[in-house]
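See below for the structure under consideration.
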Amino acid sequence: MASRTRIKTLTHDTRVANSRFFDGDVNQVPKYALTVGVGTLLDAEEVMILVLGHQKAQALQAAVEGNVNHMWTISCLQLHPKAVVVCDEPSTMELKVKTLKYFNELEAENIKGL
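So that you can map any letter, position 113 of the sequence shown is 113 in UniProt numbering, and since no number is skipped, the others follow by simple counting.
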């Protein structure tokens, strides 16, 4: 969980998946990418994560309800003092009702102070 931002080599499968952004031409897809390390993320003054769609519901659930662990590195946000998660309703479908209610009430209180 102390990793820093670094250059990573993309796998062939990742390049094929991303070829849709390059007119289907895998040869146009970069072979390298930057990955933001968890240590770098935790060193930031503030962090905002945007979570959209039902396909991200499991990741959101792991981020806010699960334990901090290496399988769901997003869970490290639980350790950040100024992390904000912005999400849409479909992405909350795996959250417990109690969790969703808590965060909705927290949001309402924060909006009052504006």
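Cβ atoms here follow ideal geometry from the backbone N, Cα and C, with glycine treated the same way.
Starting from residue i and walking both ways along the beta strand (DSSP E), at which residues does that stretch end?
| i | result |
| --- | --- |
| I74 | Note, I74: premise wrong, no beta strand (DSSP E); not H, not E. |
| T9 | R6 to T9 |
| V86 | A83 to C87 |
Since residue i is in the alpha helix (DSSP H), which residue starts that stretch and which ends it?
| i | result |
| --- | --- |
| R15 | H12 to N18 |
| A59 | A57 to E65 |
Would you grab the beta carbon distance between residue i and residue j for me? Rounded to a whole angstrom, and I think it's under 8 angstroms.
| i | j | result |
| --- | --- | --- |
| L79 | L42 | 6 angstroms |
Nearest to residue i by CA position, among the options, is which residue?
| i | options | result |
| --- | --- | --- |
| A57 | K31, D88, Y32 and A44 | D88 |
| M1 | I111, T40 and E65 | T40 |
| K98 | E65, G53 and N18 | E65 |
| H12 | V26, F21 and Q55 | V26 |
Using 10 angstroms around the beta-carbon of residue i, count the other beta-carbons present and answer buried if the total reaches 16, otherwise exposed.
| i | result |
| --- | --- |
| I74 | buried |
| L114 | exposed |
Practice problem: Report yes or no: do the region 28 to 39 and the region 5 to 12 share at least 3 C-beta pairs separated by less than 8 angstroms? | Solution: yes
Quiz item: Pairing CB atoms from the region 45 to 56 with CB atoms from the region 71 to 85, are three or more of them under 8 angstroms?
Solution: yes
Quiz item: Does the pairing of the region 69 to 78 with the region 96 to 107 give three or more beta-carbon distances under 8 angstroms?
Solution: No, the region 69 to 78 does not touch the region 96 to 107.
Self-check item: Segment contact flag, the region 88 to 101 with the region 56 to 64, C-beta cutoff 8 angstroms, min 3 pairs
Solution: yes
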